[in-house]
Amino acid sequence: MASPLKGFPAHGSLGRHSRVHKGRPPVRCQVCGKSLSTPTSLQFHLRMHTAELPFQCSVCKQRFSTASNLRSHLTTHAGEKPYQCSVCLLKFTRADNLSRHLLTHTGDKPFQCTVCLRKFSQAGNVRAHFCTHTGESPYGNLRTHIRTHTGEKPFQCSVCLQKFNLADTMRKHLRTHTGEKPFQCSVCGRKFGRADHLRSHLRTHTGEKPYECSVCGQKFNQAAHLRAHLRTHTGKQTYMCTESHKSFITTSGLRVHLIGNPYKCTECGRRFRLAPPLMAHLRGHIRALNCLA
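Residue numbers (full-length UniProt numbering): 1 to 293.
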């Protein structure tokens, strides 16, 4: 029989491990009340509240709250991806990223909100969701928000040198260069470069329409479709033809206008659906020129 005793290199490690069996977290965060297993864990946790980021990447200058997070980040510069998904063969720099990715294949949502019982596939998502109940705004979000005022864009694409204010946005952008489409529809096999594009596409199979108009109750499968629909209630016309200066509520309306009026006057830019009206219009320009002569 295998021994239940685990070996530890130092007395401190054994002490920390013994608390797991005793089930008595010895320290509690005075800010949010979370219990931590060790004073060191509490020290790292407090940086989330203070926004302290003492560890800086020597390559891109991004800062991190812990040395382990910095080490994991450095692998993104080295290009090393030792963790591979056994389902779709996509590779990752970190084991925890692979674990989160695997949930996209299994559909598991192991993290549940204790208030409304809604379930999530990632712990970070449930933490962000929980703030909708508490009204709390985490410092991490504050740092990101401040960049909208300062214009700071610390993340740069190594291919085209375009800069971004979020690391995740840069990663998504990189796929436009590599052509990588790691997210595949399990129904029809179509692939996508972004997870949110796959989620939107899946609704065409399931018929799910989670976006509801607050005015008339009509439902839509994409938020963009709801936004376009809302303009039919407000009458707001945001898409303008630069040639005729006619405005439209939707981009599709503008496209129909441009396609439906293919004959363009070279003098003033006005468009016509048929050639004869254009010819008559051009004669007006000619008469005006003759009058000036």
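Glycine residues also receive a C-beta, built at the ideal position from the N, C-alpha and C atoms. Treat the numbers as computed from the prediction; the structure is a model and nothing was measured.
Legend entry - Beta carbon of Leu174 nearer than 8 Å to that of Cys185: Counting from one through the sequence shown, the residue named residue 174 turns up at place 174. Counting from one through the sequence shown, the residue named residue 185 turns up at place 185. Contact flag unset, no.
Legend entry - Alpha-carbon to alpha-carbon, Ser247 and Gly217: Looking up residue 217 in the sequence shown gives position 217. Looking up residue 247 in the sequence shown gives position 247. Between Gly217 and Ser247, the C-alpha separation is close to 26 Å.
Inset, instruction - Decide if Leu161 is buried, meaning its Cβ has at least 16 other Cβ atoms within 10 Å, or exposed. - result: For this step, residue 161 is matched to residue 161 along the sequence shown. By the neighbour-count rule (16 or more Cβ atoms within 10 Å), Leu161 is not buried but exposed.
Inset, instruction - Can you have a look at His233 and say buried or exposed, based on whether 16 or more other CB atoms are within 10 angstroms of its CB? - result: Mapped onto the sequence shown, residue 233 falls at position 233. It counts as exposed.
Legend entry - Nearest-angstrom Cβ-Cβ length linking Val159 and His177, presumed shorter than 8 Å: Mapped onto the sequence shown, residue 159 falls at position 159. Mapped onto the sequence shown, residue 177 falls at position 177. Correct: roughly 5 Å between the Cβ atoms.
Legend entry - Neighbourhood of Thr251 by C-beta, 7 Å cutoff - its chain only, sequence neighbours within 5 removed: As a position in the sequence shown, residue 251 is number 251, starting the count at 1. Closer than 7 Å at the Cβ level, and outside the excluded window around Thr251, lie Tyr239.
Legend entry - For His245 and His285, the rounded distance between their alpha carbons: Residue mapping note: residue 285 aligns to position 285 of the sequence shown, counting from 1. Residue mapping note: residue 245 aligns to position 245 of the sequence shown, counting from 1. So the two alpha carbons sit approximately 19 Å from each other.
Legend entry - Boundaries of the alpha helix (DSSP H) in which Arg227 is found, first to last residue: Position 227 of the sequence shown, counted from the start, is the residue given in the question as residue 227. Run containing Arg227: 223–234, per the alpha helix (DSSP H) assignment.
Inset, instruction - Kindly give me the distance between the Cβ atoms of Cys85 and Leu102, rounded to whole angstroms, as I take these residues to be in contact under 8 Å. - result: For the purposes of this step, residue 85 is taken as residue 85 along the sequence shown, with counting starting at 1. For the purposes of this step, residue 102 is taken as residue 102 along the sequence shown, with counting starting at 1. The Cβ separation is near 7 Å, so the contact holds.
Legend entry - Outcome for Asn261 when other beta-carbon atoms lying within 10 angstroms are tallied against a minimum of 16: The count along the sequence shown starts at 1 and reaches residue 261 at position 261. By the 10 Å Cβ count, Asn261 comes out buried.
Legend entry - Integer-rounded CB distance, given that Ala195 should sit under 8 Å from Phe183: As a first step, residue 183 is located in the sequence shown; it is residue number 183 there, counting from the start. As a first step, residue 195 is located in the sequence shown; it is residue number 195 there, counting from the start. About 5 Å; that satisfies the 8 Å criterion.
Legend entry - Coil, strand or helix - Ala275 by DSSP: Along the sequence shown, one-based indexing puts residue 275 at 275. In this structure, Ala275 counts as helix in the three-state DSSP scheme.
Inset, instruction - Drop a sphere of 10 angstroms on the beta-carbon of Leu254, count the other beta-carbons inside from all chains shown, and report buried for 16 or more, exposed for fewer. - result: As a position in the sequence shown, residue 254 is number 254, starting the count at 1. Result: buried.
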